[in-house]
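Mind the numbering: the sequence shown is residues 234 to 673 in my numbering, read in order.
The beta carbon of each residue, even a glycine, is placed where N, CA and C say it ideally should be.
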Amino acid sequence: MVTFDEVLPELIRICETSPGFGDVSKAVVVRDLKGCVRLAIDLVAGRAFDVAPLEANLTATLGAWFAGPILGPDVRRDMSRLRGTVLGQNAPWMAAWTDLITGTTQATVAGKWHKIERHLSKLAWTQPEIARPPWPLVAQRPAIVTFYSFKGGVGRTTLLASTALQLATEGRRVVVVDLDVEAPGVSTLLGATARRGVVDFLVDHYATGLVDIDGLAGAATALDAASVMVDVVPAGVVNATYFEKLARLDFVGSGLVEPNAQSPVRGSLRALIEALSRRIPAPDYILIDSRAGLHDVAGLSLHDLAHVDVLIGRDSDQTYSGLELTVAALGARRELEDIRCVVVQAMAPDDPGSLEYQRITTEYRTRSHAAFADHVYDRDDPDDVPDVDDDSAAHFPSVIRFNHRLLHFSSLQAVRAELTAEDFVRVKERIVERCIPEGA
């Protein structure tokens, strides 16, 4: 049986080895919501191509994965409009294919193959068009920083709290937004309460179109004196109606029928961040605590909201796989000049002189460099990839050593010294550096 992962490579192989397929000038594969594929082709002017043998071969090999007929020049009249629609699109959602995407080494003519993907979810991760934050990174507007981890339990929220504390102590105004809506926690950590939260704003905005941030934020009282500089927008009040509101978050909307259409949650989140940026007094930074993993809201946090992405993980195969996927998505969805990352290796051995510390940090640095070299650096100049030990490059991890006191503590004040220790200060400084506008 042909599996999902084999459909596209098999289709390419069959087509490219089919007699006469060299006369095809453009081939578009449409993969529907179930993963089944349809093929539309255009021919070199003046050439003819008998699609029947190819259609029979695709049907025999791919079975139910293939939806005929092939949409060629001689397709029956009731299918000709569909063929014209598919072949006539020049929008970025019809992505050109590469060997990496097709998963095959079968030689293809450059610019010949294109694809159209339909998805039920994860649009923020998979849409091919370039994503941008709600506003450019400029001195007059707050910098948006997303804290993201592929795996939970690596200290993501603790690092955000440390960063907020340090910025506030330096006199910077901060708004923290809890987008970990399915496992909220940053508001509790920071001691903030509010009448409403992110989920409330999203469902209210979706239903009415109104932008109302009244009662949405509370002071971070756990930071004591610094609390006057830090406001927190919680995920929401977790009560009997929280499920009802959470269940109404629509991450797809018209994206099912209109390529690149803005999902309701995406539009509402951008409206929320825009409104928070215009509070008086205005914040200098908006820090987002994202959902872990390949969640829709995590994709939106990274690709559609942030100026700077803080990617946190620890030495593990799961982290390395997640880092590869995350960097690949950032490379595909961001302009090169908009990719500003701070890679953080958390929970490293506490003795930087130990062999284990050297082994683990070297491994993390090497894996991170490989991900950026494959998906980010080579877009600029493949011959100008930063060295693996270039500590100014995006891939180079800031290391936070393991501290058992940060596993269990009664209050942030009880671990204030740990949260402002050298490792955390270096991360904060790197974040601030990444938030400086280009040319400033």
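- According to the DSSP secondary-structure assignment, K259 is paired through a beta bridge with D275.
- Between the alpha carbons of V444 and A273 lies a gap of roughly 44 Å.
- About 11 Å separates the Cβ atoms of V414 and V436, ruling out a contact at the 8 Å cut-off.
- The Cβ atoms of I664 and V609 do not sit closer than 8 Å to each other.
- In the DSSP assignment, R573 falls outside any beta strand (DSSP E) and carries neither an H nor an E.
- In the three-state DSSP reduction, G296 falls in the helix class (H, G or I).
- With 16 or more neighbouring CB atoms inside 10 Å of its own CB, E243 falls in the buried class.
- A distance below 8 Å between beta-carbons, with the five flanking residues on each side excluded, links V235 to the following residues of its chain, in chain order: E243, T294, L295, G296 and W298.
- With a minimum length of 4 residues, the unbroken runs of alpha helix (DSSP H) contained wholly in the stretch 604 to 668 fall at 649 to 652 and 655 to 667.
- Residue environment for G532: buried (at least 16 other C-beta atoms within 10 angstroms of its C-beta).
- For G586, the number of other beta carbons within 10 angstroms of its own is below 16, and it is reported as exposed.
- Linking L482 to R429 through their CA atoms gives a straight-line distance of about 16 Å.
- Scanning the stretch 438 to 487 from its first residue to its last, the whole alpha helix (DSSP H) runs of 4-plus residues come out as 475 to 479.
- For L544, the uninterrupted beta strand (DSSP E) segment begins and ends at V541 to G546.
- Straight-line spacing of the CA atoms in V407 and M580 works out to 26 Å.
- Only residues of its own chain outside the window of five on either side were considered, and among them W298 and A300 have a CB closer than 6 Å to the CB of C269, listed in chain order.
- Contact check for A394 against L412 fails: the beta carbons are separated by 8 Å or more.
- Assignment of R600 by DSSP, reduced to helix, strand and coil, places it in the helix class.
- For V541, the closest alpha carbon among the candidates R365, H641 and F383 is that of R365.
- Excluding its 5 nearest sequence neighbours in each direction, T250 has no C-beta neighbour in its own chain below 7 Å.
- In this structure, the alpha-carbon of G317 lies about 31 Å from that of A562.
- Per DSSP, reduced to three states, the secondary structure at F237 is helical.
- Per DSSP, the beta bridge partners of Y518 are A376 and V407.
- Judged by their CB atoms, L241 and V257 are not nearer to each other than the 8 Å cut-off.
- Between D537 and the set A440, D550, S523 and R592, the nearest pair of CA atoms involves S523.
- Rounded to the nearest angstrom, the Cβ distance from V419 to V465 is 7 Å, consistent with a contact under 8 Å.
- Excluding residues up to 5 positions away in sequence, R406 lie with their Cβ nearer than 8 Å to the Cβ of P514 in the same chain.
- With contacts defined by Cβ atoms closer than 8 Å, I519 and V577 do not form a contacting pair.
- A459 and A450 have their C-alpha atoms some 16 Å from each other.
- Put simply, the stretch 593 to 606 touches the stretch 544 to 563. At least three CB pairs are less than 8 Å apart.
- Shown here for T454: same chain residues with a beta carbon closer than 6 Å to its own, the five before and five after excluded, namely G424 and S460 in chain order.
- For I349, the uninterrupted beta strand (DSSP E) run begins and ends at W346 to E350, by DSSP.
- Considering only K267, N290, T396 and V371, the residue with the shortest C-alpha distance to L353 is K267.
- The bridge partners DSSP lists for A581 are R634.
- Note on geometry: alpha-carbon atoms of L588 and S501 lie some 49 Å from one another.
- The Cβ-Cβ distance between F380 and R389 falls below 8 Å.
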